[in-house]
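Just below is one structure, and these are the notes that go with it.
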Amino acid sequence: MFELLNSHYNYFAVMLLLGIGLYMLIESRNLVKKVIGMNIFQTGIFLFFITLAFRTGGNPPIIKEGGSPYVSPLPHVLILTAIVVGVSLTAVALALIIRIYTEYGTLDEDKLKQLYYD
Numbered sequence: 001m002f003e004l005l006n007s008h009y010n011y012f013a014v015m016l017l018l019g020i021g022l023y024m025l026i027e028s029r030n031l032v033k034k035v036i037g038m039n040i041f042q043t044g045i046f047l048f049f050i051t052l053a054f055r056t057g058g059n060p061p062i063i064k065e066g067g068s069p070y071v072s073p074l075p076h077v078l079i080l081t082a083i084v085v086g087v088s089l090t091a092v093a094l095a096l097i098i099r100i101y102t103e104y105g106t107l108d109e110d111k112l113k114q115l116y117y118d
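For the sequence shown, position 39 (counting from the first letter as 1) is numbered 39 according to the working numbering, and the numbering increases by one without interruption.
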């Protein structure tokens with residue numbers, strides 16, 4: 001078991017991040033905590049894609065003489081783009097949360113539903 005954990009620790013970290021983020025998204029009633037949970041979940045997805053792109057003994061994708069495996073730059077570029085989109089999404093979500101708090105005076109999801117439907 002220890003050898004499996006030692007050789008595939010990235011996948012365990014991914015599952016841990018995804019689990020914590022999903023738990024925060026589902027269980028928390030506070031909107032700021034939901035945004036934090038979304039960011040943790042998103043970080044787990046980033047780590048998963050980067051882990052899948054790893055190749056032992058891989059070289060940069062520059063054509064040279066030799067038959068060593070090359071590492072595809074596409075996952076890294078996609079994750080870099082996803083990080084930028086994630087930061088933008090977090091900024092917009094936090095701006096909306098500030099606006100909701102100034103309007104209603106609470107960030108509790110249940111209280112906001114009650115205020116909206118009354």
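Each residue gets a CB set at the ideal place from its N, CA and C atoms; glycine is no exception. The structure presented is a predicted model; accordingly, all values stated were derived computationally and were not measured.
>> Please return the same chain residues whose Cβ sits closer than 6 Å to the Cβ of His-93, not counting the five positions on each side in sequence.
In response: As written in the sequence, residue 93 is Ala, which differs from the His given in the question. Closer than 6 Å at the Cβ level, and outside the excluded window around Ala-93, lie Val-35.
> To the nearest angstrom, how far is it from the Cα of Phe-46 to the Cα of Ile-98?
Replying inline: 27 Å
> Should the stretch 71-86 be called in touch with the stretch 18-33, which here means at least 3 C-beta pairs below 8 Å?
Replying inline: no
> Which of helix, strand or coil does DSSP assign to Asp-110?
Replying inline: If DSSP states are grouped into helix, strand and coil, Asp-110 belongs with the helices.
>> Run through the DSSP bridge pairs and tell me what Asn-59 is partnered with.
In response: Answer is Tyr-70.
>> Can you find the residues in the same chain that come closer than 6 Å, C-beta to C-beta, to Gly-58, ignoring five residues on each side of it along the sequence?
In response: Closer than 6 Å at Cβ, skipping near neighbours: Pro-69, Val-71.
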